[in-house]
Amino acid sequence: MKAHPFRLSPGPANALPLMIFLLVGFAAPLMAVIAYSFMPARTFGLLDHPSFGNYIEIFGSNSYISFTWSMLYAALTVILLAPICYPIAYGMAKVFGKWSPIITLLFTIPLFVSENVRLYGWVLFLIKNGVLLGTLKEFTGLNLDGPLYTRWVVLMGMVYVYLPFMLFPMSLGVSMVPDEIRDAARDLGASRWQVFREVELPLSMPGVMIGFLLTFVLAVGGIAEAKILGGQVIIPITQDIEIAFTYAQNWPLGAALACLLMLVVGTLVLLVLWRFDLDKILGRRARS
Amino acid sequence: MNQRARHALIWVWTIAVLIFIYLPALCILLASLTKSRYFLFPIRRWGLVWWHKTFNSIEVHQLFQTSISIALMVTVIAVVIGFFGALAFARYDWRARPLYQRLVLLPIFFPQTVLGLALLLWFNAMGLPLSWHTAVFAHLVWIIPVVTLVISIQVYSFDPALEEAAFDLGASRVQVFREVTLPVLLPGIVSGSLFAFLLSWGNFPLSLYTDGADTTIPEYLYAKMVAGYTPGVPVLGTVSTVTAGVLLFGGYWLYTTHRRATTQANNE
Numbered sequence: 000m001k002a003h004p005f006r007l008s009p010g011p012a013n014a015l016p017l018m019i020f021l022l023v024g025f026a027a028p029l030m031a032v033i034a035y036s037f038m039p040a041r042t043f044g045l046l047d048h049p050s051f052g053n054y055i056e057i058f059g060s061n062s063y064i065s066f067t068w069s070m071l072y073a074a075l076t077v078i079l080l081a082p083i084c085y086p087i088a089y090g091m092a093k094v095f096g097k098w099s100p101i102i103t104l105l106f107t108i109p110l111f112v113s114e115n116v117r118l119y120g121w122v123l124f125l126i127k128n129g130v131l132l133g134t135l136k137e138f139t140g141l142n143l144d145g146p147l148y149t150r151w152v153v154l155m156g157m158v159y160v161y162l163p164f165m166l167f168p169m170s171l172g173v174s175m176v177p178d179e180i181r182d183a184a185r186d187l188g189a190s191r192w193q194v195f196r197e198v199e200l201p202l203s204m205p206g207v208m209i210g211f212l213l214t215f216v217l218a219v220g221g222i223a224e225a226k227i228l229g230g231q232v233i234i235p236i237t238q239d240i241e242i243a244f245t246y247a248q249n250w251p252l253g254a255a256l257a258c259l260l261m262l263v264v265g266t267l268v269l270l271v272l273w274r275f276d277l278d279k280i281l282g283r284r285a286r287s
Numbered sequence: 000m001n002q003r004a005r006h007a008l009i010w011v012w013t014i015a016v017l018i019f020i021y022l023p024a025l026c027i028l029l030a031s032l033t034k035s036r037y038f039l040f041p042i043r044r045w046g047l048v049w050w051h052k053t054f055n056s057i058e059v060h061q062l063f064q065t066s067i068s069i070a071l072m073v074t075v076i077a078v079v080i081g082f083f084g085a086l087a088f089a090r091y092d093w094r095a096r097p098l099y100q101r102l103v104l105l106p107i108f109f110p111q112t113v114l115g116l117a118l119l120l121w122f123n124a125m126g127l128p129l130s131w132h133t134a135v136f137a138h139l140v141w142i143i144p145v146v147t148l149v150i151s152i153q154v155y156s157f158d159p160a161l162e163e164a165a166f167d168l169g170a171s172r173v174q175v176f177r178e179v180t181l182p183v184l185l186p187g188i189v190s191g192s193l194f195a196f197l198l199s200w201g202n203f204p205l206s207l208y209t210d211g212a213d214t215t216i217p218e219y220l221y222a223k224m225v226a227g228y229t230p231g232v233p234v235l236g237t238v239s240t241v242t243a244g245v246l247l248f249g250g251y252w253l254y255t256t257h258r259r260a261t262t263q264a265n266n267e
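Residue numbers (numbering that gives the first Met the number 0), protein chains in the order written: chain A, 0 to 287; chain B, 0 to 267.
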């Protein structure tokens, strides 16, 4: 096709609508949050004198407790999900064969049901006179209080909600490991553990790292688990942000807290995403 | 441990995790089948009363209407923009593509509650009144990138030589698009639409802050869970899960029969 001075080449031309949308729908709102975070407390406009007041208030407050909870729980979720998901990811890529799509679908369905509803299923299971304790009482006469509204249940809820976000990138990663290399390592006398450590893990690393990243980032912004399963035992940072926006009617303070969270999330995402070749991770399965 | 035992172990583990995943859905189903107003287990009086009540409620009809309107509008817009976005993502080589690919992923790697609040601020700063229209926009910010990614995976397996062959045979640009590109990428478009519809249907954090006085089903369910539980909550919860399952398995079934038909046609 002839080059035309006013016509974009096909790549940028196809990307244009999406880029414009993200500029208006993603970049601009984030700019608005940053702008609000410098406005005086309890104002709703953007026309006041900017100041660092909100940030100073945050550093003097106990918001760091919520920050710590969110980070800790997100990290624990990642640590727990890695060994839970790896065997399944391996199975989906190498063991399940014709059953693999069915199993993938079964893990996908919960993603489309609001997490509030799914977490409420756990409430029904764990609550006093619920499915677990009610049955126990019926058969043994024991009348227990149950683990609902404890920190452990919040953590379990996070493991439950974020499992697919670890599993799917991980399985893309595992499917990047060519069978020949693994077989060659076996033939050369490597033990199963050595094959895992020296061949499978390093070659599936891009998918594994993206799974870690996605899980951590979404978990650090998690709020429903603590609200529904946790009563008030922990307050995650997102809930602090929400309270500032709603009950406290202090948008600038909420915006400043959101900016600090975005700083953490943004740094992590940029660090990890820029390291890996996305074409390889997403395209490999289709091409092989 | 030999390979057979290891594979068996992987199967057992996967099934155990699936049970963990579906346990809450099962509890929700059980809770919807009681005749009584409160949830006490074991259930003494089973019945479908609450299913009848829920489906005959005008309020619930209204909720369905809002949720479906949002989801349909999101699906149409997300698939159109995502389709072209996916061509730029995976089909064409261009200089800024690596940067573009990462920018597209950013909204997916972002806490949704924060995104919802950011959009609330933005709509307020723009002076836009909140309604289900603004909720559509909010859903799109997250769903367009997901759809782009889903269609991209299909585009990666697309052979550009097909398009070139059609051009060589004298087809116009529009013809090539309609007769070659679109049909080959159809499975990606179908799964992209399914994802768009279902993700919008089940979304809570974005709707919560951006739809103003309009209410979607997940929002209604949350409000009811916090105050005023009735077994209508598990009824609607079960409906959501079953809808997602039916649509996904239906889509998969269509895809496999379609592929079997085309491979058969190619072999003849």
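Don't be surprised by glycine CBs; every beta carbon is placed ideally from N, CA and C.
Query raised in the report: Rounded to a whole number of angstroms, what is the C-alpha to C-alpha distance between G221/A and F203/B?
Result: Indexing the first sequence from 1 puts residue 221/A at position 222. Indexing the second sequence from 1 puts residue 203/B at position 204. Going by the C-alpha atoms only, they are around 12 Å apart.
Query raised in the report: In chain A, what lies closer than 7 Å to F176/B by C-beta?
Result: Sequence index remark: in the second sequence, residue 176/B carries index 177 (1-based). Per Cβ cutoff of 7 Å: no residues; F176/B is ~12 Å from chain A at best.
Query - beta-carbon L161/B near the ligand PLP non-hydrogen atom, thresh 7 Å - result: This structure lacks the ligand PLP; in fact it carries no ligand of any kind.
Query raised in the report: In this structure, does DSSP put T33/B in helix, strand or coil?
Result: Residue numbering aside, residue 33/B sits at position 34 when the second sequence is read from its first letter. Of the three classes helix, strand and coil, the one that applies to T33/B here is strand, per DSSP.
Query raised in the report: Hey, out of F138/A, R150/A, A92/A and E137/A, whose CA is closest to W173/A's CA?
Result: Along the first sequence, read from residue 1 onward, the residue named residue 173/A stands at position 174. Contrary to the premise, residue 173/A reads as Val rather than Trp in this sequence. When each option's Cα is compared against that of V173/A, the closest is A92/A.
Query raised in the report: Where do the N-terminal and C-terminal ends of the alpha helix (DSSP H) with D178/A fall, by residue?
Result: By 1-based counting over the first sequence, the position of residue 178/A is 179. D178/A -> alpha helix (DSSP H) spans D178 to D186.
Query raised in the report: Which of the three DSSP states, helix, strand or coil, is assigned to W45/B?
Result: For this step, residue 45/B is matched to residue 46 along the second sequence. Residue state, collapsed to three classes: strand.
Query raised in the report: Residues in the region 49-78 of chain B with C-beta within 7 Å of chain A's C-beta atoms, listed in sequence order?
Result: none
Requested in this report: Following the continuous alpha helix (DSSP H) through S68/B, name the residue where it begins and the one where it ends.
Outcome: What you label residue 68/B is simply residue 69 of the second sequence in a count that begins at 1. Where S68/B is concerned, the enclosing alpha helix (DSSP H) stretches over I57 to A85.
Query raised in the report: Hey, does V264/A have any beta-carbon neighbour from chain E nearer than 8 Å?
Result: This model lacks chain E altogether; the protein chains it does include are A and B.
Requested in this report: Measuring only between beta-carbons, confirm whether A260/B sits less than 8 Å from chain A.
Outcome: One-based indexing of the second sequence puts residue 260/B at position 261. A260/B does not count as touching chain A.
Report task. Scan the region 171-259 of chain B and note each continuous beta strand (DSSP E) run of 3 residues or more that stays entirely inside, going in chain order. Result -> none
Requested in this report: Measure the C-alpha to C-alpha separation of L129/B and L132/A and round it to an integer number of angstroms.
Outcome: Looking up residue 129/B in the second sequence gives position 130. Looking up residue 132/A in the first sequence gives position 133. Taking the straight line joining both Cα atoms gives about 43 Å.
Report task. Pull up the distance between the alpha-carbon of P28/A and that of A243/A, whole angstroms please. Result -> For the purposes of this step, residue 28/A is taken as residue 29 along the first sequence, with counting starting at 1. For the purposes of this step, residue 243/A is taken as residue 244 along the first sequence, with counting starting at 1. Using only the alpha carbons, I get a separation of about 18 Å.
Query raised in the report: Does DSSP put R284/A in a helix, in a strand, or in coil?
Result: The residue given as residue 284/A occupies position 285 in the first sequence. Residue confidence for R284/A is low, a pLDDT of 44 falling below 50, so the modelled location carries little weight; the figure read from the coordinates is stated next. Here R284/A sits in helix by DSSP.
Query - The alpha helix (DSSP H) enclosing V112/A, as first and last residue numbers - result: In the first sequence, residue 112/A corresponds to position 113, counting from 1. Run containing V112/A: none; DSSP gives neither H nor E here.
Query - Element boundaries [alpha helix (DSSP H), containing N288/A] - result: Residue numbering for chain A in the displayed model covers 0 to 287; residue 288/A lies beyond these limits and cannot be assessed.
Query - Proximal chain A residues relative to Y99/B, where beta-carbon distance stays under 9 Å - result: Position 100 of the second sequence, counted from the first residue, corresponds to residue 99/B. What Y99/B touches in chain A: G10, P11, A14, L17 and M18.
Query raised in the report: Given that V94/A touches chain B, what residues does it touch there, using C-beta distances under 7 Å?
Result: Taking the first sequence and counting its residues from 1, the one referred to as residue 94/A is at position 95. Near V94/A (Cβ distances below 7 Å), the residues of chain B are H6 and I9.
Query raised in the report: So is Y219/B in contact with chain A if we call contact Cβ pairs under 8 Å?
Result: Reading the second sequence from its first residue, position 220 is the one you call residue 219/B. Chain A, which has no Cβ nearer than 8 Å to the Cβ of Y219/B, makes this no.
Query - Beta-carbon gap between L198/B and V145/B smaller than 8 Å - result: Working through the second sequence from its first residue, we reach residue 198/B at position 199. Working through the second sequence from its first residue, we reach residue 145/B at position 146. For L198/B and V145/B, yes; Cβs fall inside 8 Å.
Requested in this report: Determine the closest residue to P106/B out of Y99/B, I80/B, W141/B and L148/B, with distance taken between C-alpha atoms.
Outcome: The sequence position of residue 106/B within the second sequence is 107, counting from 1. Here the closest residue by C-alpha is W141/B.
Requested in this report: Measure how close the beta-carbons of K228/A and W121/A come, nearest whole angstrom, since I'm counting them as under 8 Å.
Outcome: Position 229 of the first sequence, counted from the first residue, corresponds to residue 228/A. Position 122 of the first sequence, counted from the first residue, corresponds to residue 121/A. For clarity, residue 228/A is Leu in the given sequence; the question names Lys instead. Correct: roughly 6 Å between the Cβ atoms.
Query raised in the report: Considering only C-alpha positions, which residue in the set T107/A, F167/A, F51/A and S36/A is nearest to P205/A?
Result: Against the first sequence, residue 205/A aligns to sequence position 206. For the residues T107/A, F167/A, F51/A and S36/A, the minimum Cα distance to P205/A belongs to F167/A.
Query - Span separating the alpha-carbon of Y161/A from that of A165/B - result: Locating residue 161/A in the first sequence gives position 162, where the first residue counts as 1. Locating residue 165/B in the second sequence gives position 166, where the first residue counts as 1. Cα to Cα, the separation comes out at about 45 Å.
**Report entry** Opening and closing residue of the alpha helix (DSSP H) in which K226/A lies
**Finding:** In the first sequence, counting from the first residue as 1, residue 226/A sits at position 227. Residues A223 to L228.
Query - Among Q174/B, G211/B, F196/B and V173/B, nearest to S239/B - alpha-carbon criterion - result: For this step, residue 239/B is matched to residue 240 along the second sequence. Cα-wise, what sits closest to S239/B is F196/B.
Query raised in the report: Is the CB-CB distance between S36/A and I236/A below 8 Å?
Result: Position 37 of the first sequence, counting from 1, holds the residue named residue 36/A. Position 237 of the first sequence, counting from 1, holds the residue named residue 236/A. Not in contact: S36/A and I236/A (Cβ atoms no closer than 8 Å).
**Report entry** V175/B to S56/B span [Cα, whole Å]
**Finding:** Looking up residue 175/B in the second sequence gives position 176. Looking up residue 56/B in the second sequence gives position 57. Cα-Cα distance, rounded: 50 Å.
Query - Exposure of Y63/A, with buried meaning 16 or more beta-carbon neighbours within 10 Å - result: Numbered from its first residue, the first sequence carries residue 63/A at position 64. When all chains shown are included, Y63/A counts as exposed.
Query raised in the report: Near I126/A, which residues of its chain fall below 6 Å by C-beta distance, leaving aside the five closest residues on each side in sequence?
Result: Looking up residue 126/A in the first sequence gives position 127. Same-chain partners within the cutoff: L147.
Query raised in the report: Are the CB atoms of W45/B and L32/B nearer to each other than 8 Å?
Result: Locating residue 45/B in the second sequence gives position 46, where the first residue counts as 1. Locating residue 32/B in the second sequence gives position 33, where the first residue counts as 1. Yes, they are a contact pair.
Query raised in the report: What are the boundary residues of the alpha helix (DSSP H) that V145/B is part of?
Result: In the second sequence, counting from the first residue as 1, residue 145/B sits at position 146. Start and end: W131 to Y155.
Query raised in the report: Is there a Cβ from chain A that is less than 8 Å from the Cβ of W252/B?
Result: As a position in the second sequence, residue 252/B is number 253, starting the count at 1. Output row for W252/B: interface = no.
Requested in this report: Could you tell me which chain A residues have their CB closer than 7 Å to the CB of R96/B, listed as they occur along the chain?
Outcome: Against the second sequence, residue 96/B aligns to sequence position 97. Going along chain A in sequence order, the residues near R96/B (Cβ under 7 Å) are G10.
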